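So for the sequence shown, the working numbering puts the first residue at 26; every next one is plus one. I have placed the structure first, in the form of structure tokens, so that the comments after it can refer back to it.
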Amino acid sequence: MGILNVTPDSFSDGGIWWRDGAPEARAAAEYGVQMARDGAAAVDVGPEATSFHRPGIAPVAAAEQIARAIPVIRAMARMAGAPRTISIDTRSSAVAQAALDAGATMINDVSAGLTDSQMLKTAARANCQIILMDGQFETPGVLAPRRANVLKEVCDFLTTRAAAAMDAGVRRENILLDPGIGFGKRSEDSWVLLHELRTLEHLGFPLVLGVSRKRFLMRGSDSPNYGPGSINSHEAPWPDDRNHNEDSLSVRDMLTATTMMLCFNHGVAFHRVHNVAYCADAIRAQGDKLRKQK
């Protein structure tokens, strides 16, 4: 699943498609199609930065999200080679409905339907897939708390939200679950969840995993810019993750792909990634390796 953020402030890639106060819809749509060519089965369009722990990141009104995302989705859906699945990354049912009307076929809600009480009903009426993510404790201006048992908390939350979705009329086969790596979680929490993917898989729903370029991957790095006590420290303010250079992005993409390969065949239906071509090659290589071993 390729990440296509049409925001000025998303971590890592915010502002790439932003010119003169608005997204460049045509260019962003063309990039989405290119991600499909590179191996993305889905492209996730995000009109709101949701890493609320970062300074200055705040909720975006539905009307603004619609203005950002809908021209991109509409253009991409009409292009030759469009992604098989176009997803809208939003917590707003109004934005989700507008995106579905424009050609999207999946909703990705980082609040698992808690921000907007109509979200689950919107997914049910559309009979579309919906990703329910554990975004507990992702609070504006607040760092992640220490979790007593992050695996149990995430499993309980996702189980409850999946049940709520089905109660609202969403078909079971349309539900995907995302443990929310890095959202309201410390680095050690994210590693615990990755280590316990089998437990998450046993919840009985396809998984969506988003580790791409996240700071927890760099924990323990020898790099003075990314080691403990710098941006990995949860006890200190976090600087803007978009201050990357080409070398740091290459390292993060390499670690992203390596982590994906370690999670191979653990019930993950979609990996949300920034660098689709690189990660798709890594997954293909891992699949080939496992097939040869059998």
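Glycine included, C-beta positions come from ideal geometry on N, C-alpha and C. On a predicted model such as this, the values are computed, not experimentally measured, just so you know.
Taking 8 angstroms as the upper bound for CB-CB distance, Ala-149 and Arg-186 are not in contact here, some 14 angstroms apart. Looking at the DSSP output, Asp-126 sits in no beta bridge, so it has no partner there. Between the beta-carbon of Ala-94 and that of Pro-72 there is about 4 angstroms, and that keeps the pair under the 8 angstroms contact cut. In terms of CA proximity to Met-158, Ile-132 leads the group Ile-132, Met-243 and Lys-239. According to DSSP, residue pairing for Phe-295 in a beta bridge involves Val-233. Every alpha helix (DSSP H) of 4 residues or more that sits fully in the stretch 174 to 223 is shown, in chain order, as 175 to 192 and 212 to 220. Between Arg-277 and Arg-238, the C-beta spacing is below 7 angstroms. In the structure shown, Ser-112 adopts extended strand secondary structure according to DSSP, grouped into three states.
Leaving aside the five residues that flank Val-217 on each side, the residues in its chain whose CB is nearer than 7 angstroms to its CB run, in chain order, Val-175 and Leu-176. Look at Pro-84 here: in three-state DSSP terms it is coil, with no helix or strand label. Every unbroken stretch of the alpha helix (DSSP H) spanning 4 or more residues and falling wholly within the stretch 43 to 106 is given here in chain order: 50 to 63 and 87 to 103.
In the DSSP assignment, Asn-30 forms a beta bridge with Gly-71. Minimum Cα-Cα distance from Thr-147 among the listed residues Val-120, Ala-173, Val-58 and Thr-164 corresponds to Val-120.
Under the DSSP assignment, Leu-157 falls in the beta strand (DSSP E) whose first and last residues are 154 to 158. If you look at Ile-132, you'll find it in the beta strand (DSSP E) that goes 131 to 134. Gly-106 and Arg-62 have their C-alpha atoms roughly 7 angstroms apart.
Within the same chain, and ignoring the five residues on either side of Val-85 in sequence, the residues whose Cβ sits closer than 6 angstroms to its Cβ are Glu-73.
Cβ contact annotation for Ala-102 (same chain, cutoff 8 angstroms, sequence separation greater than five): Ile-111, Ala-127, Gly-128 and Ala-129, in chain order.
Only residues of its own chain outside the window of five on either side were considered, and among them Asn-133, Leu-201, Asp-203 and Val-233 have a CB closer than 6 angstroms to the CB of Ile-156, listed in chain order. When C-alpha distances from Asp-34 are compared across Gln-59, Ser-117 and Phe-77, the shortest belongs to Phe-77. Around the beta carbon of Gly-312, fewer than 16 other beta carbons lie within 10 angstroms, which makes this residue exposed.
Annotated three-state conformation of Arg-309 is helix, per DSSP. Contact annotation, Met-26 with Asp-69: C-beta distance approximately 5 angstroms; criterion of less than 8 angstroms satisfied. Boundaries for Arg-240: no alpha helix (DSSP H) harbours it, and the DSSP string shows neither H nor E there.
Nearest to Ile-206 by alpha-carbon distance, out of Asn-199, Arg-197 and Phe-162, is Phe-162. DSSP, read as helix, strand or coil, puts Ser-118 in helix. For Ala-53, the CB contacts under 7 angstroms within the same chain, skipping 5 residues up- and downstream, are Leu-29, Val-31, Trp-42 and Val-97 in chain order. Non-local beta-carbon contacts of Leu-280 in its own chain, meaning distances under 6 angstroms to residues more than five positions away in sequence, involve Leu-242 in chain order. Distance from the CA atom of Phe-208 to the CA atom of Thr-75, rounded to whole angstroms, is 9 angstroms.
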